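Final position of the sequence shown in my numbering is 162; the numbers increase by one with none missing. For every residue, glycine included, the Cβ atom is placed at its ideal position computed from N, Cα and C. A quick note: this is a predicted structure, and the numbers were derived from the prediction, not measured.
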Amino acid sequence: MECGKSFTIEDILKADGVPRCSCGGIIKPDVVLYEEGLDQNTIAKSIDAISKADVLIISGTTLVVQPAASFINYYRGNKMILINLSEVPNEERIDYVVHCKAGDVFGKMLLDLNKKFEEI
Ligand SMILES: [Zn+2]
Numbered sequence: 043m044e045c046g047k048s049f050t051i052e053d054i055l056k057a058d059g060v061p062r063c064s065c066g067g068i069i070k071p072d073v074v075l076y077e078e079g080l081d082q083n084t085i086a087k088s089i090d091a092i093s094k095a096d097v098l099i100i101s102g103t104t105l106v107v108q109p110a111a112s113f114i115n116y117y118r119g120n121k122m123i124l125i126n127l128s129e130v131p132n133e134e135r136i137d138y139v140v141h142c143k144a145g146d147v148f149g150k151m152l153l154d155l156n157k158k159f160e161e162i
């Protein structure tokens, strides 16, 4: 969190207690945690990609945490797919909703894709 240096998962697993960099800074995952701000360049790239997407798959979210929840408003297609265990507000705005664990769906998709590639 101080110098921006990257680490592998092995480095993190070797740490005793809170993982720290040689500069003394705490090592945290390169993801946005609750109450952290989003990088403006990342937001712009995300909105651009969503606005050009043919299919939009949303998973593991109830679409209530902003600003990420509002990103789906930039989607222009008619193939918006939500995969989430629980219901989300205003589901009628989504073209296709699957109520189950995202990991189960993506795990099955990976198995199916692996089989397909083995057949080729
Ligand atoms: Zn450091």
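Q. Is there contact here, the region 110-118 with the region 80-94, by at least three beta-carbon pairs under 8 Å?
A. yes
Q: Starting from the C-beta of asparagine 83, find all residues in its chain whose C-beta is less than 6 Å away, skip the five residues before and the five after it, and write them out in chain order.
A: none
Q.
Between which two residues does the alpha helix (DSSP H) holding isoleucine 169 run?
A. Because the chain is modelled from 43 through 162, residue 169 falls outside the range shown and cannot be assessed.
Q) Cβ-heavy atom distance between glycine 67 and ligand 1 below 7 Å? A) yes
Q) Just how far apart, CA to CA, sit glutamate 44 and aspartate 72? A) 13 Å
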